[in-house]
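To keep things clear, I will list the structure first and then write my remarks on it.
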Amino acid sequence: MKNNFWEKLKKSGKPILALAPMAGFTDEPFRQICSAYGADVVYSEMASATALYFHRENDDNETLRLLKWNEAKESKYVVQLFGSNPDHFAVAARIITQKIKPHGIDINFGCPVGKVLKQGAGADLMRNLTRARSVIEATLANTNLPVSVKIRAKSGEVDAVTFLKNVSDLKVSALMIHGRTLSQGFVGDPDYAIVNSARPHFHGVILINGGLNDRETAKRALEVSEADGLGLGRGALARPWLFEEIKDNRDIAYGQSEIVSLLYRHAKLVSELKGEGALVEWRKQACWSVQGLPGASRLRSRLVQVSSMEDVINILNDYGLND
Ligand SMILES: Cc1cc2nc3c(=O)[nH]c(=O)nc-3n(C[C@H](O)[C@H](O)[C@H](O)COP(=O)(O)O)c2cc1C
């Protein structure tokens, strides 16, 4: 495949650093921030294949708006789809390819949220091997972009190896494994060594994900897993500069002034790209970044009341904003 950016990144010989998909967080402003800190690949928030299917005649639908991006300011951009109906994935893959034009399309096989599982999507789709295969086939048949999958270490009776054996003949370009099982949810130790057992059954690029909150853990995960790269989740929410730390192999000590300045840049981007009303969503993102600052709980209690750029500036001025 000519446009397989995954293989090109792998050839660089350095670990591929990706911002893992996170609904409510990995929007255009945050992807731009992580790209600037050195993320090689940035995933969108998960988008519903079914919503794209039902709104296929409307080019200005909410889901397409959610997925817009800026080619100049974002690294390799991967749109993640969730759903369970292969016909919906077929239409969604065509729409994304033609209208959003990202670098790749990813399929969600890991989401543990009740309302997603109830639709037979996310981690529920991982344990439905026949349907999972049909969804991947439908996506591959309707795009010329590289297709990747994101799975868990295990969902129900189906572990990563069983899942991969079932699709090993399909041309899937990359795989992100969240090293926790469905029953672990988002807590507990991820199994990084799982990549070693997955490798014989998957020929593309493999990223390991889960609990990569600092440079030391990232280093250990790469050693243990021999993965081609890492997917950073909540570690990047708290410290988007973690990409730079891992890339440059050095600690970056961000103090109050750097964090305040980052919060300001982020809020300004949100306001410019999504409108001032979106600062309400930014509140929860801001709360992640202030962890560990002196007086964090007081700052957090003020940030959760923000509804305008004026509010943001007033609060950050009290913490030494000098932009
Ligand atoms: C708030 C939140 C939203 C998430 N949304 C998605 C999503 O849309 N698609 C997906 O595949 N995984 C999603 N995840 C899972 C993450 O991509 C990642 O697999 C998980 O958080 C484990 O990595 P971590 O321990 O580094 O956070 C989400 C996780 C969080 C915390």
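The opening residue of the sequence shown carries number 1 in full-length UniProt numbering; numbering runs sequentially from there.
Note that the Cβ used here is the ideal one computed from N, Cα and C, for glycine as well.
| Query | Result |
| --- | --- |
| Helix, strand or coil at Tyr77 [DSSP, three-state] | strand |
| Sequence ranges, alpha helix (DSSP H) only - wholly within the stretch 179 to 222, length at least 4 | 194 to 198 |
| Collapsed DSSP secondary structure at Gly231 in the structure displayed | strand |
| Bridge-paired residues (DSSP) for Ser308 | Paired residues: none, contrary to the question. |
| Per-residue burial, Ser148 [other beta carbons within 10 Å of its own, 16 or more giving buried] | buried |
| Cβ-Cβ distance between Glu28 and Leu321 below 8 Å | no |
| The stretch 56 to 69 in contact with the stretch 111 to 118 per 3-pair CB rule at 8 Å | no |
| Arg127 - DSSP class collapsed to helix/strand/coil | coil |
| Top-ranked residue by Cα proximity to Lys247, from Ala123, Ser12, Gly156 | Ser12 |
| Pair within 8 Å by beta-carbon distance, Gln98 and Ala47 | no |
| For Ser84 and residue 324, believed in contact at Cβ under 8 Å, the rounded distance | One cannot answer for residue 324 here, as it falls past the ends of the chain, which runs 1 to 323. |
| Residue range of the alpha helix (DSSP H) that includes Phe109 | Segment 104 to 109 is the beta strand (DSSP E) holding Phe109; no alpha helix (DSSP H) there. |
| Beta-carbon spacing of Gly104, Leu164 below 8 Å | no |
| Distance cut-off 7 Å: Met46 Cβ against heavy atoms of ligand 1 | yes |
| Met176 - partner residues in DSSP beta bridges | Lys150, Leu207 |
| Short Cβ contact (8 Å threshold) for Lys73 with Ser44 | no |
| Residue from Trp6, Ser257, Arg152 whose Cα sits closest to the Cα of Val77 | A small fix is needed here, since residue 77 is Tyr in this sequence, not Val. Ranking Trp6, Ser257, Arg152 by Cα distance to Tyr77 puts Trp6 first. |
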